[in-house]
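**Q** In full-length UniProt numbering, the protein residues as written are 1 to 291. Every residue gets a Cβ at the ideal spot worked out from N, C-alpha and C, and that includes glycine. Here it is, the structure, as structure tokens.
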């Protein structure tokens, strides 16, 4: 993988023998940005550039993603609890323990809000971008493409053999305007071999759908914790053409966080920071300045 895809200095934290890569740009109140699957810290590059003149911007690559190590299963347990532990360890290592603005996308919502549930006193603001921190809404069918990836050998072959998940996301994840070839290639660059696509598959397999599934109780507790943040300023920006995090998830956010500022983008998809970059970054900057 090229080492010049990010216009920022790389930092690394040792996590039980695995290197966790992160960005740490600027000074001031911390803004912690947590990515999902199948993306990496590259997703937040423009937001970091926009905020780092006044804020400390911290963006980890989850283990198996971006410039972080991509160990096999015996060397790392690819599960939600470990993801939360990793984020907690990173922020503790940087002594970032107060006034955090938490920005979350996709799986980053579960990971970031899992951290927030452990440390609600550290969170000053929350920004949610096409994400969830609760179970699949009752009104939302589980997408068939995710079911294939989660449940079948064909899904494993497509995701790890052909990079179907990351590659497809770079096309269908934007609706207002296609990604340029350069940007699309940057999104898929970390996932360039069967070995290096392990996290892409494990993330999907880690989605809990019913009691008894690994993480089901943890996701329940994270969802239940959201009422702790009823007075925490919250901004929600959603692209409504996301095939997973769609109007049903947004309705759930409205119900659980009725105090939130909500902005809907009817013509945008999953990668809202690509589809509506200037608008969403402007909203985030204003939100931080006013709260």
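Looking only at its own chain, which residues have a Cβ that is under 6 Å from the Cβ of residue 55, when we skip the five neighbours before and after it?
**A** 26, 28, 29, 31
**Q** Closer than 7 Å by C-beta to residue 110: which residues in its own chain qualify, once you throw out the five before and the five after it? Chain order, please.
**A** 80, 132, 133, 219, 222
**Q** Using 10 angstroms around the beta-carbon of residue 142, count the other beta-carbons present and answer buried if the total reaches 16, otherwise exposed.
**A** exposed
**Q** Going by beta-carbon coordinates alone, are residue 263 and residue 173 separated by less than 8 Å?
**A** no
**Q** Keeping to the same chain, check which residues put their C-beta closer than 7 Å to that of residue 130; ignore five residues upstream and five downstream.
**A** 105, 106, 238, 239, 242, 245, 270, 272
**Q** State the start and end residues of the unbroken alpha helix (DSSP H) segment that holds residue 33.
**A** Looking at the DSSP string, residue 33 is not in any alpha helix (DSSP H); the run it does join, the beta strand (DSSP E), is 29-34.
**Q** For the stretch 206-217 and the stretch 67-77, state whether three or more C-beta atom pairs, one from each stretch, are separated by less than 8 Å.
**A** no
**Q** List the DSSP bridge partners of residue 139.
**A** Answer is none; residue 139 lacks a bridge partner.
**Q** Counting C-beta neighbours from all protein chains within 10 Å, is the total for residue 6 16 or more, i.e. buried, or is it exposed?
**A** With 16 or more Cβ atoms within 10 Å of its Cβ, residue 6 is classed as buried.
**Q** Identify, in the order they occur along the chain, each residue of the same chain with its Cβ nearer than 7 Å to the Cβ of residue 83, setting aside the five sequence neighbours on each side.
**A** 62, 111
**Q** Please state if the CB of residue 68 and the CB of residue 20 are separated by a distance shorter than 8 Å.
**A** yes
**Q** Does the stretch 89-100 come into contact with the stretch 10-24, if we say contact requires no fewer than three beta-carbon pairs (one atom in each stretch) closer than 8 Å?
**A** Yes: at least three Cβ pairs fall under 8 Å.
**Q** Residues in its own chain within less than 7 Å of residue 48 by CB, not counting five upstream and five downstream?
**A** 8, 23, 25, 57, 59
**Q** Is it the case that the Cβ atoms of residue 288 and residue 125 are separated by a distance below 8 Å?
**A** Against a cut-off of 8 Å, the Cβ pair of residue 125 and residue 288 comes out as a contact.
**Q** Short of 6 Å in beta carbon distance, which residues of its chain neighbour residue 225, apart from the five on each side in sequence? Order them along the chain.
**A** 117
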